[in-house]
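Since the structure comes first, as structure tokens, the remarks are kept for the end.
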Amino acid sequence: MKRIIIYTSFLSIFISNTFAQDLKLDESVSIKTEEPRQKKDIRISILNRLERYVKTEVMFRKPKNNVFLFSVALAIDSIGHVENAFFSGNIVNNQSEFITVNDRLLADFKNMTMDDRAFTNKVLILPILYKRPEDDKVSNLTAFLNDFLLIWPSLSDDKKRQTILLEPFIINFLDPIRSGA
């Protein structure tokens, strides 16, 4: 008897689902679908501005398996413009060796406009690691660990803003002679 009740229940559920799928929707109801817009990756915009000031030829002259780690922070105002740019301590101290931090670089960053309103009134921090494509070890471990300790940029304390740590970026630098640079 239990089996008959179970089979009858299962059959009635199956039939009701079959009829539910045959229901016609009211054709007067309009359904709009929009393609999700992929926001531009802000990290690429930062790196594009930074690449003119990075000295890959100096990096390439260093021994194999040397990696270079630093961060860039951008303070975004209420309308989406970059108010200020900050760099990690290792760049501030060694700015002439790997990166040229000057007024032109700061002006390039300040010309950026954020199209994502989620970044307004915030500070964005982007950690960047430069390495050769074939390197699979870190031979300058002491320098790397020192850079890691200095990765957080010194932000001015005049305004308290929420800080967003962007996903780190690993850049493979190539021999400037072979790459045509």
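Using the numbering used here, the letters of the sequence shown map in sequence onto residues 3 to 183. Ideal placement from N, C-alpha and C gives every residue a C-beta, glycine not left out.
- For Ile-101, same chain residues with a beta-carbon under 6 Å away, outside a window of 5 residues either side, are Tyr-55, Val-56, Ile-93 in chain order.
- Straight through space, the alpha carbons of Asn-68 and Ala-87 are spaced by roughly 26 Å.
- Shown here, Phe-72 sits in a strand according to DSSP, grouped into three states.
- Counting only runs of 4 or more residues that sit fully inside the segment 136 to 176, the alpha helix (DSSP H) segments are 143 to 151, in chain order.
- In the three-state DSSP reduction, Ile-130 falls in the strand class (E or B).
- Nearest to Ile-44 by C-alpha distance, out of His-83, Gly-91, Val-60, is His-83.
- Collapsing the DSSP output to three states places Lys-57 in coil.
- Per DSSP, the beta-bridge partners of Lys-124 are Gln-164.
- Beta-bridge partners assigned by DSSP to Ile-78: Val-84.
- In the three-state reduction of the DSSP assignment, Phe-100 falls in the coil class.
- Of all alpha-carbon atoms in Met-61, Asn-142, Pro-170, the one lying nearest the alpha-carbon of Trp-154 is that of Pro-170.
- In the DSSP assignment, the residues bridged to Phe-89 are Val-74.
- Asn-50 and Leu-131 have their C-alpha atoms roughly 15 Å apart.
- Arg-134 is positioned such that its CB atom lies closer than 8 Å to that of Lys-66.
- Measuring C-alpha to C-alpha distances from Val-74 to each of Arg-63, Phe-89, Ala-109, Ile-81 identifies Phe-89 as the nearest.
- When the Cα atoms are used, Glu-85 and Val-103 turn out to be separated by approximately 16 Å.
- Within the same chain, and ignoring the five residues on either side of Leu-107 in sequence, the residues whose Cβ sits closer than 7 Å to its Cβ are Tyr-55.
- Membership of Asp-110 in the alpha helix (DSSP H) is indicated by the continuous run 105 to 112.
- Within the same chain, Cβ atoms closer than 8 Å to the Cβ of Asn-148 are found at Asn-92, the five residues on either side in sequence being excluded.
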